[in-house]
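What follows is a short report on a single structure.
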Amino acid sequence: MNRLGAILLKIEAPLLFLSKDSYRNLRLVKDFETTMSAFSRELKNVLQVNMKEAGRGGSFDRLISDFDELVAGFDKLPLDAKKERIERALTIFGRLREAAAGFSEERPVAGDSETMERNSEASFERLSRPVQFVKGVGPKLAALFEKKGVRNVEDLLYFVPRKYEDRRNVKDINSASIGSKETVTGRVTHAVYRPYKRRKAYEVTIDDGSGQLTAKWFRGNLTYLRRIFKEGTRVIMTGEVTSYLGGKDMIHPDYEVMGEDEDAGDLLHFKRIVPVYSETEGLNQKHIRRIIASAVHDYAQFVESPIPEEICRRRGLQDIEYAIRSVHFPEQNERLEDFNAMRSDAHRRLIYDEFFFLQLGLALRRKAGTADGGIAFKTGGSGIRKFYSLLPFSLTGAQKRVIAEIEADMEKQASMNRLLQGDVGCGKTVVSMAAMITACENAYEAAIMAPTEILAEQHYNNIKAWSESLGMNAVLLTGSTKGSEREKIIQTISKGDANIICGTHALIQKDLAFSRLGLVIIDEQHRFGVVQRSQLRQKGTNPDVLVMTATPIPRTLAMTVYGDLDVSIIDECPPERKEIGTSVFFEEQRDKVYSRMREELRKQNQVFIVYPLVEESESLDLNDATRMADHLQRDIFPESRVGLIHGRMKGRLRDETMASFMAGEIQILVATTVIEVGIDVPQASLMVIEHAERFGLSQLHQLRGRVGRSDIPSSCILMSHRGGSEDSARRLRVMEETNDGFRIAEEDLAIRGPGEFLGTRQSGVPDFRIANILRDSKILIEARADAFSVAEDIARKGLVGNRLLKKVLTRRWAGRFELTKTG
Numbered sequence: 000m001n002r003l004g005a006i007l008l009k010i011e012a013p014l015l016f017l018s019k020d021s022y023r024n025l026r027l028v029k030d031f032e033t034t035m036s037a038f039s040r041e042l043k044n045v046l047q048v049n050m051k052e053a054g055r056g057g058s059f060d061r062l063i064s065d066f067d068e069l070v071a072g073f074d075k076l077p078l079d080a081k082k083e084r085i086e087r088a089l090t091i092f093g094r095l096r097e098a099a100a101g102f103s104e105e106r107p108v109a110g111d112s113e114t115m116e117r118n119s120e121a122s123f124e125r126l127s128r129p130v131q132f133v134k135g136v137g138p139k140l141a142a143l144f145e146k147k148g149v150r151n152v153e154d155l156l157y158f159v160p161r162k163y164e165d166r167r168n169v170k171d172i173n174s175a176s177i178g179s180k181e182t183v184t185g186r187v188t189h190a191v192y193r194p195y196k197r198r199k200a201y202e203v204t205i206d207d208g209s210g211q212l213t214a215k216w217f218r219g220n221l222t223y224l225r226r227i228f229k230e231g232t233r234v235i236m237t238g239e240v241t242s243y244l245g246g247k248d249m250i251h252p253d254y255e256v257m258g259e260d261e262d263a264g265d266l267l268h269f270k271r272i273v274p275v276y277s278e279t280e281g282l283n284q285k286h287i288r289r290i291i292a293s294a295v296h297d298y299a300q301f302v303e304s305p306i307p308e309e310i311c312r313r314r315g316l317q318d319i320e321y322a323i324r325s326v327h328f329p330e331q332n333e334r335l336e337d338f339n340a341m342r343s344d345a346h347r348r349l350i351y352d353e354f355f356f357l358q359l360g361l362a363l364r365r366k367a368g369t370a371d372g373g374i375a376f377k378t379g380g381s382g383i384r385k386f387y388s389l390l391p392f393s394l395t396g397a398q399k400r401v402i403a404e405i406e407a408d409m410e411k412q413a414s415m416n417r418l419l420q421g422d423v424g425c426g427k428t429v430v431s432m433a434a435m436i437t438a439c440e441n442a443y444e445a446a447i448m449a450p451t452e453i454l455a456e457q458h459y460n461n462i463k464a465w466s467e468s469l470g471m472n473a474v475l476l477t478g479s480t481k482g483s484e485r486e487k488i489i490q491t492i493s494k495g496d497a498n499i500i501c502g503t504h505a506l507i508q509k510d511l512a513f514s515r516l517g518l519v520i521i522d523e524q525h526r527f528g529v530v531q532r533s534q535l536r537q538k539g540t541n542p543d544v545l546v547m548t549a550t551p552i553p554r555t556l557a558m559t560v561y562g563d564l565d566v567s568i569i570d571e572c573p574p575e576r577k578e579i580g581t582s583v584f585f586e587e588q589r590d591k592v593y594s595r596m597r598e599e600l601r602k603q604n605q606v607f608i609v610y611p612l613v614e615e616s617e618s619l620d621l622n623d624a625t626r627m628a629d630h631l632q633r634d635i636f637p638e639s640r641v642g643l644i645h646g647r648m649k650g651r652l653r654d655e656t657m658a659s660f661m662a663g664e665i666q667i668l669v670a671t672t673v674i675e676v677g678i679d680v681p682q683a684s685l686m687v688i689e690h691a692e693r694f695g696l697s698q699l700h701q702l703r704g705r706v707g708r709s710d711i712p713s714s715c716i717l718m719s720h721r722g723g724s725e726d727s728a729r730r731l732r733v734m735e736e737t738n739d740g741f742r743i744a745e746e747d748l749a750i751r752g753p754g755e756f757l758g759t760r761q762s763g764v765p766d767f768r769i770a771n772i773l774r775d776s777k778i779l780i781e782a783r784a785d786a787f788s789v790a791e792d793i794a795r796k797g798l799v800g801n802r803l804l805k806k807v808l809t810r811r812w813a814g815r816f817e818l819t820k821t822g
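Sequential numbering of the sequence shown, starting at 0, is according to numbering that gives the first Met the number 0.
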């Protein structure tokens, strides 16, 4: 939005605010004259040169002069005069709007860019002030606010209410409903201490002529209350109305002492829609409201959001300052349900704002990646054709489509940045191998990085077999690769004698140098941080990047975490891949579970049993893997061989155990979630997950995917202990109902939220102050479209006219999500 549009909105918002319910709002207004005079001066500065050049300076001067006359002395006027002035000011404002019509946004205002930047720096400085300098805070309260993540003035302005209470309607005491939250007024008739069993309470009875109500306090500063509530004092109270011995009571109500005037007293807490904030010990609601009211009054005008005015008009977005004011202290005529559902216009503006600047950063980061250039690979070589002939199956339509998308990217003289999503068993490894062969046929290296050694080894075993048939050299480098073996592999890589390099975090160590790294593939991307992805990419010169995940990511989350990537989805599994029947069993049905296991073992099939713990815990009543492996071998299945694998085992012992299980020498493998990904045992037909209520949905789905890897009918048993939460019961129901990873992902995201869904704070999910990617998905989609359009405009025209946009972007997301590196 240009400066002219922003100023006009700043003028319009308070005028409309006051005109909608002038009696109530005109009493609440503070420093109106000072604020509007400042807006008027700002408007004059912007229009002074340009309007005169356009031959309209005179009309603007007269209108602004008339406006200034109406504002002068406003704060001291009686109520009726204020009403009349507001009506005339709105008429003048309409003429200002008309006079400004046709003012070109593209036309630079003389000296305006530098002025705007200076003003912005000053605004940023004010918003960055520590919260303790806000009126009413101080060091002690600042420490309490910091527990809520509120460290500076801007944080406080965006510390939005968690809900709102409707205190606009003051009831007669006689009409106040028992069991409802009501607001009443009355005079104190008597106030006394009264004993209640082993404690005493302070009781204050008020009378409004229609009836009486007694307020009771059992804790707090009762001596202070005694000083406040004098007989005959008029008070207003809000609380839940209860009944004791036939009377009406309120326990610990909100209260305010009033004068004889109906509207005297601090009406911040009454006779309006009242904000309710998240509390911490030492910060009560009334105190928080007063502090935030002070911050809004002194600092809201400095919040800047230079979203283009055309977008604001098209999307119906409020002025950012007005939205800040309204989200904390809604107008009298607003709908309470809209505010409580965060659907109000004020909430929508702030939510859009967060999404827009995040998406703009992602768009600019994406532009920066393509601007650096890349490798233009030749595709469709003889190696890829030979690879397809080696496969004992035909590619699915989805695999062919995704390979075509990847090849189209690789052919461009720009770095590929693509996310490959696909459910368990959909064939992502084959797709990634096709990309690696293309890179190798162009005399470049391909590297694939996995989060665990087991998964890296699984990739290596598959890739090595294919590579040998194609005359390529594949190597494996993990944290367990030590000594001379490690040195040999590092030298092989640095000399360019390795075509495909499989590994873990070991691939991003400083002493590893690639020869010609052309393709980077990162599997199970959500296990890595954004920085680690970047570190591997920096091992080459603008290599293509393909990130893969077997954890389907809902669209809205993908737009925030991987918004700078193109997305490919393998939404079709090979025809031989069968659905895995899933059932929930409880502890009292354990014998039936063991019978199912015996049935599978008689068929010469194998069984997984997964536990959430490695060793017995004193604090958790859970079966543990080590103890149960011993019990199963000794007491339940002595005729079968039971193996144990977990993340604390030494690499060699774990590898030996896995090799024995894959060779069929071990029939039952007891494990922890170390087998969540990367284990492919075709003869495994039954997965038993103990304490399934303790796992997330996506994790359960991944574990279930370890069986059904061949044409053998397979199933999954979820062992649950009764008495779990509703969320855990919901997860288990979903697992019984579907094998669709994308539906499971949507449910998991809804239950756990983005941070928990992806598992780690470093995974790249930004910290939104207000926005919620589930609730606000429609706004996210709108903001993304607009932000990417603005990024295109910046790419064509550069930063002329967009410097403030860039400054706000950097300020919003500096140090988070790596958006400071945008072009």
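Glycine is no exception: its CB is placed at the ideal position from the N, C-alpha and C atoms. Being a predicted model, the structure only gives us computed values, none of them experimental.
Contacts around residue i, its chain only, beta-carbon distance under 7 angstroms, and the 5 residues preceding and following it disregarded
{"i": "R810", "result": "F123"}
{"i": "P305", "result": "M0, L803, L804 and V807"}
{"i": "I310", "result": "D785"}
{"i": "D726", "result": "I750"}
{"i": "T759", "result": "In this prediction, T759 has a pLDDT of 45, which is less than 50 and means its spatial position is unreliable; what the coordinates show is noted afterwards. Hits under 7 angstroms: none found."}
{"i": "R324", "result": "V295 and A299"}
Same chain, Cβ closer than 8 angstroms to residue i, neighbours up to 5 away in sequence not counted
{"i": "L600", "result": "V606, F636, S639, Q666 and I667"}
{"i": "E32", "result": "V70, A71, G72, F73 and D74"}
{"i": "Y610", "result": "L621, N622, D623, A624, M627, V669, A670, T671, E689 and H690"}
{"i": "E410", "result": "A375, F376, K377 and T378"}
Exposure label - residue i; buried when at least 16 CB within 10 Å
{"i": "P887", "result": "The question about residue 887 has no answer, for the chain in this structure spans 0 to 822."}
{"i": "T581", "result": "buried"}
{"i": "Y351", "result": "buried"}
{"i": "K602", "result": "exposed"}
{"i": "E851", "result": "Residue 851 is absent from the structure shown; the chain starts at 0 and stops at 822."}
{"i": "P329", "result": "buried"}
{"i": "V423", "result": "buried"}
{"i": "N604", "result": "buried"}
{"i": "F217", "result": "exposed"}
{"i": "T823", "result": "With the chain covering 0 to 822 only, the question about residue 823 has no answer from this structure."}
{"i": "A121", "result": "exposed"}
Cut-off 6 angstroms between Cβ atoms - residues of its own chain near residue i, not counting five sequence neighbours on either side
{"i": "G238", "result": "M249 and P252"}
{"i": "Q211", "result": "T204"}
{"i": "D522", "result": "A449 and M547"}
{"i": "D775", "result": "I350"}
{"i": "I608", "result": "V669 and V687"}
Bridge partner(s) assigned by DSSP for residue i
{"i": "L748", "result": "For L748, which the question treats as bridged, DSSP gives no partner whatsoever."}
{"i": "D623", "result": "L612"}
{"i": "N151", "result": "P129"}
{"i": "I205", "result": "V187 and L212"}
{"i": "I568", "result": "Q420"}
{"i": "M686", "result": "F607 and C715"}
{"i": "G238", "result": "E181"}
{"i": "A840", "result": "Because the chain spans 0 through 822 in this model, residue 840 falls outside it and cannot be assessed."}
{"i": "D522", "result": "M547"}
{"i": "V583", "result": "L717"}
7 angstroms Cβ cutoff, residue i in contact with chain B
{"i": "I743", "result": "Note that chain B does not occur in the displayed structure, where there is just one protein chain."}
Residue i: CB within 6 angstroms of a non-hydrogen atom of the ligand GDP
{"i": "E484", "result": "The ligand content of the structure shown is nil, which means the ligand GDP is not present either."}
Give a yes or no on contact between the segment 271-284 and the segment 165-179, applying the rule of three or more CB pairs nearer than 8 angstroms.
-> yes
Say whether the segment 393-406 touches the segment 348-365, bearing in mind that this needs 3 or more beta-carbon pairs closer than 8 angstroms, one atom from each stretch.
-> Result no; under three Cβ-Cβ pairs closer than 8 angstroms.
Exercise. Is the segment 420-440 touching the segment 399-409, taking contact as three or more C-beta pairs under 8 angstroms?
Worked result: yes
> With contact counted as at least three CB pairs below 8 angstroms, one residue from each stretch, are the segment 765-782 and the segment 712-732 in contact?
Replying inline: no
Hey, which unbroken runs of the beta strand (DSSP E) at 3 residues or more fall wholly within the segment 448-494? The segment 448-494 contains these whole beta strand (DSSP E) runs: 473-476.
Item to complete: Kindly confirm or deny that the segment 176-192 and the segment 219-230 touch, where touching means at least three C-beta pairs closer than 8 angstroms.
Response: By the Cβ rule, the segment 176-192 counts as touching the segment 219-230, because three or more pairs are nearer than 8 angstroms.
*Of all the alpha helix (DSSP H) runs that stay within the bounds of the segment 378-408, which reach a length of 4 or more residues?*
381-389
Worksheet item: Counting Cβ pairs closer than 8 angstroms, one from the segment 649-665 and one from the segment 689-706, do we hit at least three?
Response: no
With a threshold of 8 angstroms, are at least 3 pairs of Cβ atoms found where one atom belongs to the segment 472-483 and the other to the segment 504-513?
yes
| Contact the segment 458-465 vs the segment 490-502: 3+ CB pairs below 8 angstroms | yes
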